[in-house]
Amino acid sequence: MWASCLRLRFLSTLLLFASSLLMINALGCRPDQIQAVLKFKNEFDSRSCNQTDYYNGVWCHNTTGVVTELQLPSGCLSGILKPNSSLFELYHLRYLSLSHNNFTSSPVPSEFGNLNKLEVLSLSSNGFIGQIPSSFSNLSRLTELYLANNHLTGSFPHLRNLTKLSILELSFNHFSGTLSPNSSLFELHNLSYLNLCFNNFSSSLPSEFGNLNKLQVFGLSSNGFFGQVPPTISNLTGLTKLYLDENKLTGSFPLVQNLTKLSALVLSHNHFTGTVPSSLFMMPFLLRLDLGGNQFTGPIKVPNSPLSTRLEHLLLGYNRFEGKILEPLSKLITLTHLDLSYINISCPIDLSFFSSLKSLLFLDLSGNSVSPTSLRSDSGIPLSMETLLLLRCNVIEFPNILKPLHNLTFIDISYNRIKGKVPEWLWSLPRLDTVTLSNNLFNGFEGLAEVLVNTSVRFLDFSMNNFKGSLPNPPLSISLLSAWNNSFTGNIPLAICNLSSITVFDLSYNNFTGPIPQCLSDFHDSLIVVNLRKNNLDGSLPDMCYDGALLRTLDLGYNQLTGKLPRSLLNCSSLKFVSLDHNRLRDTFPFWLKGLPDLQALTLRSNKFYGPISLPGQGPLEFPKLRILEISDNNFTGSLPSNYFVNWEASSLQMDENGRIYMGDYNNPNFIYDDTIDLQYKGLFMEQGKVLTSYATIDFSGNKLEGQIPESIGLLKALIALNLSNNAFTGHIPLSLANVTELESLDLSRNQLSGNIPKGLGSLSFLAYISVAHNKLKGEIPQGTQITGQPKSSFEGNAGLCGLPLEKSCFGTSAPPIQKHEKEDNNDEEEVLNWKAVIIGYWPGLLFGVVIAHIIASYKTKWFVKIVGPEKRKQVDPVRLFKTLDSRWDSSNNKNNVEQM
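Counting with mature numbering (1 follows the signal peptide of the UniProt record, and there is no 0), you get residues -26 to -1, 1 to 875 for the letters of the sequence shown.
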């Protein structure tokens, strides 16, 4: 990059410092500069750093010997970047790249402002926090600034003096506030690349954007911008890529017709209305046009000459097009990707319309009705097709049009009404990789039990059908196997032991019998999810964990498993979710599981566990990250020390480290898995769809615990549900419960508690359900909105209690009956599913609306897995990029297309 620089290559190891200095001096680099470079490296944990790569990233000036360029390899350094770092002694740096290292929880030091000779500064993907220091305005020579993918906050940084800046990359942070017309951004007239995507800006779009007339790439995706796009956008005649998706923009189609150099125009998931200008299809360089998720209407006009467009990607899904739009689109013969999902076409789509699109690789017709005739016969659909999505297309017969598509890799025909058997010829398609058949009426597979074995399929989902009998032997190449909610019987086939690897193994909600195959331990280096819930499996838990095992979710609930918990579970150091409820396991409380550093949810309900849950002299029950502990209906005994709940994760509200809303596996580019959990409430068992990462609950009910409830329970400020019912607790209800300000459900019924109900419980504004029935409580029931609205049954069985909602008055006369606004005793389920919404604000710019009806979603069998389509596999937040495989997830939330810039 620098003509006057000489590349300095260090020795791969510096065992002899003196000899290294001789070599460095021979290459013309000043010793003080080299000392600063070495000292900088030693300030961090650099064990994962390739020494040779590190030293190869240092360049020195061939005359003065000063370091002018420092480019660290990815993943080299880990630690805190401090203000007194020796890095800031390298005053002559012109190029500095620290990207893709780990400076987690480090504020950006203001000392960067002292490196005023910098021309390129790259700090992306490091975990920096806080605001950009104002000293950055000293870097007047900067032409490129990269700060993407950190945790930076505050308003748009003060960059007023950076007039030479041509590239500004601030995406994937937490910048917020408004962009005012006076912002320093609009003084950066040399910008050619501006990326503010995936932040929290919220304002109208200032017309001053039109002054940045050198822009070529302009990204504002996934913010909170609202209002109309200013007409000054038409001034940006040099634009090649424009991304305004995932905002709240309104009005008619933006004035982009004279932006003739555009190659990508992405306006999806806003509130645009009106018609689509036909001039778009005349743009000579336009390759990608994404208008999905708006309210566009009317016909689409395409010029007659196919030579006037080069358009390859056209995404129109989730709009309100009416009339005949297919015939004009058939003229766009250069198309490779076409999304017409949920476009409100009234008549069935005839697939012959696409016969002219010979280059078509991707077609999404989900949410539309497809002509049955065109699915049965040769409709002329392009043989080049690689991906075909026909979700919710009212299909009733297996589409034979797939048979000649030998390039097909991805097929999704879920959420239809296809009956009968899956044809044997499907598995002979040579490039087939992903098959989703879920939510249909299939009852079997044509062919022998080995029909799937030699197929190339890696991701296979045939959940929620009517399959019966034995499970076919899975493909040898399988990575994800989802067969949940069918009626398979017999043993789990030992053919799974022949697999090369598997990541997700879900056979839950079937009728499998016999033992869990021991060979699952063979996949310790690939297996992430094992879900065998609600079968009839027996025997003991096999040892599935060896050192280095990747397993994060283990759900074996509702089987007939016996024996003890295998201590080898400690080898699965990535375990976050363990559910073993409703089995016949007999063991003592697994204190040893506290050795799992990331365990967040542990469910042991309804087994035969016994003994104390607190060891003498041990103090608090210390699980580093545990926030869901369900051990009800066992035979646990003993008392709890006063400090039992000290240092629990539920003592504070914390966002998931990756910003996830739900527990699950979001790290695989091909699928998304969401954990589920049962919750016992008012004698009912309810199975929720997904587990909020902010959800915290303790359920010790139905045991033989005694003694006082520890006062340390009041430290669990983030606790949402507490159930200690059906034990033998004595003493007073802890006054500290009034500090559990997020509490929504409290059940202390059927114990031997005495004294008064603490008045502080009446001030818990989120408390939707409380039961202290059948204790020895006395005195007046605290009066508060949340308590007086409870049924009488919540307080019965306490002879000494008085006051509303009981009819017994504390003043010697009967209290007036309470006017009932809705049924109490015979409509428990409705009460549960109508708990009040709880708004929890616990992170800057982020509010969670936690509705208990959502937390405890329904009684239906629920497990969520989303297979990510080829169009969705981008290096961005994967929770935004998936094709749903479950009808209970609002499909309109699943169409977020994020363009990789």
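All C-beta atoms, glycine included, are put in the ideal place defined by N, C-alpha and C. Just so it is clear, the structure is predicted and the values come from calculations on it, not from any experiment.
### Task
Name the residue from P83, H125, L126 and G128 whose alpha carbon lies nearest to the alpha carbon of F110.
Here residue 110 is taken as the residue at index 136 of the sequence shown, counted from 1. Closest option to F110, Cα to Cα, is P83.
### Length of the line joining the Cα atoms of D860 and Q25
As a first step, residue 860 is located in the sequence shown; it is residue number 886 there, counting from the start. As a first step, residue 25 is located in the sequence shown; it is residue number 51 there, counting from the start. Because D860 carries a pLDDT of 29, less than 50, the predicted location of this residue cannot be relied on, and the following value inherits that uncertainty. Distance between the alpha carbons of D860 and Q25: 48 Å.
### Query
Would D607 be called buried (16 or more neighbouring beta carbons within 10 Å of its own) or exposed?
Along the sequence shown, one-based indexing puts residue 607 at 633. With 16 or more other Cβ atoms within 10 Å, it is buried.
### Query
Can you round the beta-carbon distance between V714 and G736 to whole angstroms, since I take them to be within the 8 Å contact cut?
The residue you call residue 714 lines up with position 740 of the sequence shown. The residue you call residue 736 lines up with position 762 of the sequence shown. Rounded, the Cβ-Cβ distance is 14 Å, inconsistent with contact.
### Query
Among S330, C784, S166 and L290, which has the Cα closest to the Cα of T308?
Reading the sequence shown from its first residue, position 334 is the one you call residue 308. The shortest C-alpha separation from T308 is found at S330.
### Query
In angstroms, rounded to a whole number, what distance separates the CA positions of L142 and N124?
If you number the sequence shown from 1, residue 142 lands on position 168. If you number the sequence shown from 1, residue 124 lands on position 150. Roughly 14 Å separates the two Cα atoms.
### Query
From L314 to S80, what distance separates their C-alpha atoms?
Position 340 of the sequence shown, counting from 1, holds the residue named residue 314. Position 106 of the sequence shown, counting from 1, holds the residue named residue 80. Between L314 and S80, the C-alpha separation is close to 45 Å.
### Message
Applying the 10 Å Cβ sphere with the 16-neighbour rule, what's the burial state of E718?
### Response
On the sequence shown, residue 718 is found 744 positions in, with the first residue counted as 1. Result: buried.
### Task
For S719, name the three-state secondary structure that DSSP assigns.
As a working mapping, residue 719 is identified with position 745 in the sequence shown. Looking at S719 - three-state DSSP - the assignment turns out to be strand.
### Message
Which of the three DSSP states is assigned to V11 in this structure?
### Response
By 1-based counting over the sequence shown, the position of residue 11 is 37. Note: V11 maps to helix in three-state DSSP.
#### Entry: Proximity to S345 [Cα-Cα], best of S320, F551, R601 and N460
Translated into positions along the sequence shown, residue 345 becomes position 371. With distances taken between Cα atoms, S345 lies closest to S320.
### Query
Considering only C-alpha positions, which residue in the set G201, N197, L186 and D219 is nearest to residue 881?
Because the chain is modelled from -26 through 875, residue 881 falls outside the range shown and cannot be assessed.
### Query
Taking all protein chains shown into account, do 16 or more other C-beta atoms lie within 10 angstroms of the C-beta of N725, making it buried, or fewer, making it exposed?
Taking the sequence shown and counting its residues from 1, one reaches residue 725 at position 751. N725 is buried by the Cβ-count criterion.
### Message
Quick check: the Cα distance between L422 and S348, rounded to an integer number of angstroms?
### Response
Translated into positions along the sequence shown, residue 422 becomes position 448. Translated into positions along the sequence shown, residue 348 becomes position 374. Straight-line Cα distance between these residues: approximately 30 Å.
### Message
Can you tell me where the beta strand (DSSP E) holding N465 begins and where it ends?
### Response
Position 491 of the sequence shown holds residue 465. Per DSSP, N465 belongs to the beta strand (DSSP E) from S461 to N465.
### Query
How about residue 893 and T42: are their beta carbons less than 8 Å apart?
Residue 893 cannot be examined here, being either before or after the span of the chain that is shown, -26 to 875.
### Task
Determine, using beta carbons only, whether S358 and S333 come nearer to each other than 8 Å.
Within the sequence shown, residue 358 is the residue found at index 384, counting from 1. Within the sequence shown, residue 333 is the residue found at index 359, counting from 1. Yes, Cβ-Cβ distance for S358 and S333 is below 8 Å.
### Query
Considering only C-alpha positions, which residue in the set P373, G53 and C23 is nearest to L411?
Within the sequence shown, numbered from 1, the residue matching residue 411 stands at position 437. Per the Cα distances, P373.
### Query
Which residues does DSSP pair with T671 in a beta bridge?
Translated into positions along the sequence shown, residue 671 becomes position 697. I602 and A695.
### Query
Considering only residues of the same chain and omitting the five flanking positions on each side of K275, which have a CB-CB separation below 7 Å?
To locate residue 275, count along the sequence shown from 1; it is residue 301. Excluding positions up to five away in sequence, the list reads S252 and P302.
#### Entry: Sub-8 Å separation of C471 and P491 beta-carbons
Translated into the one-based positions of the sequence shown, residue 471 becomes position 497. Translated into the one-based positions of the sequence shown, residue 491 becomes position 517. In this structure, P491 lies closer than 8 Å to C471 by Cβ.
### Message
Whole angstroms are fine: how far does the CA of S444 sit from the CA of L727?
### Response
Numbered from 1 along the sequence shown, position 753 holds the residue referred to as residue 727. Numbered from 1 along the sequence shown, position 470 holds the residue referred to as residue 444. Each residue's alpha carbon lies about 53 Å from the other.
### Query
Does the separation of the CB atoms of P594 and N557 fall below 8 Å?
Taking the sequence shown and counting its residues from 1, one reaches residue 594 at position 620. Taking the sequence shown and counting its residues from 1, one reaches residue 557 at position 583. In this structure, N557 does not lie closer than 8 Å to P594 by Cβ.
### Message
Taking the alpha-carbon of L524 as reference, which of L501, G705 and L570 has the nearest alpha-carbon?
### Response
By 1-based counting over the sequence shown, the position of residue 524 is 550. Among L501, G705 and L570, the Cα nearest to that of L524 is on L501.
### Message
Please return the same chain residues whose Cβ sits closer than 7 Å to the Cβ of L213, not counting the five positions on each side in sequence.
### Response
One-based indexing of the sequence shown puts residue 213 at position 239. Contacts found: L189, Q190, F192, L233, K235 and L236.
### Message
Using C-beta distances below 8 Å, list every residue in its chain close to N621, excluding the 5 sequence neighbours before and after it, in chain order.
### Response
In the sequence shown, residue 621 corresponds to position 647, counting from 1. Counting only Cβ-Cβ distances below 8 Å, and skipping sequence neighbours, we find P594 and E596.
### Message
I'd like the list of long-range same chain contacts for A122, defined as Cβ closer than 6 Å, with 5 residues on each side in sequence excluded.
### Response
Here residue 122 is taken as the residue at index 148 of the sequence shown, counted from 1. Only S98, E143, S145 and F146 meet the Cβ criterion.
#### Entry: Host beta strand (DSSP E) of Y29 (start-end)
In the sequence shown, counting from the first residue as 1, residue 29 sits at position 55. Premise fails: Y29 lies in the alpha helix (DSSP H), Q25 to N30, not in any beta strand (DSSP E).
### Task
Kindly list the residues whose CB is nearer than 8 Å to the CB of A442, restricted to its own chain and excluding five residues on each side of it in sequence; keep chain order.
Translated into the one-based positions of the sequence shown, residue 442 becomes position 468. The displayed chain sequence assigns Lys, not Ala, to residue 442. For K442, where only same-chain residues beyond five positions count, the Cβ hits under 8 Å are N417, G418, N460, S461, F462 and T463.
### Message
Is the beta carbon of F436 closer than 8 Å to that of S453?
### Response
One-based indexing of the sequence shown puts residue 453 at position 479. One-based indexing of the sequence shown puts residue 436 at position 462. In this structure, F436 does not lie closer than 8 Å to S453 by Cβ.
### Task
Compare the C-alpha of H148 against each of S157, N244, N174 and P615 and name the closest.
Numbered from 1 along the sequence shown, position 174 holds the residue referred to as residue 148. When only C-alpha atoms are compared, the closest one is N174.
#### Entry: Contiguous beta strand (DSSP E) assignments of at least 3 residues, all confined to the segment 313 to 359
336 to 338
### Query
Just reading off the beta strand (DSSP E) that L263 is part of, what are its end residues?
What you label residue 263 is simply residue 289 of the sequence shown in a count that begins at 1. It spans R262 to D264 - the beta strand (DSSP E) in which L263 sits, taken as one unbroken run.
### Message
Between which residues of its own chain and D27 is the CB-CB distance below 6 Å, once the five residues before and five after are set aside?
### Response
The residue you call residue 27 lines up with position 53 of the sequence shown. Closer than 6 Å at Cβ, skipping near neighbours: P47.
### Message
I'd like the span of the beta strand (DSSP E) that includes residue 881, first residue to last.
### Response
The question about residue 881 has no answer, for the chain in this structure spans -26 to 875.
### Chain-order list of residues whose beta-carbon lies under 8 Å from that of K508 (same chain, five-residue window excluded)
As a first step, residue 508 must be located in the sequence shown, where it is residue number 534. If we look at K508 and ignore the five residues flanking it on each side, its Cβ neighbours are S482, Y483, N484, G531, Y532, N533 and T835.
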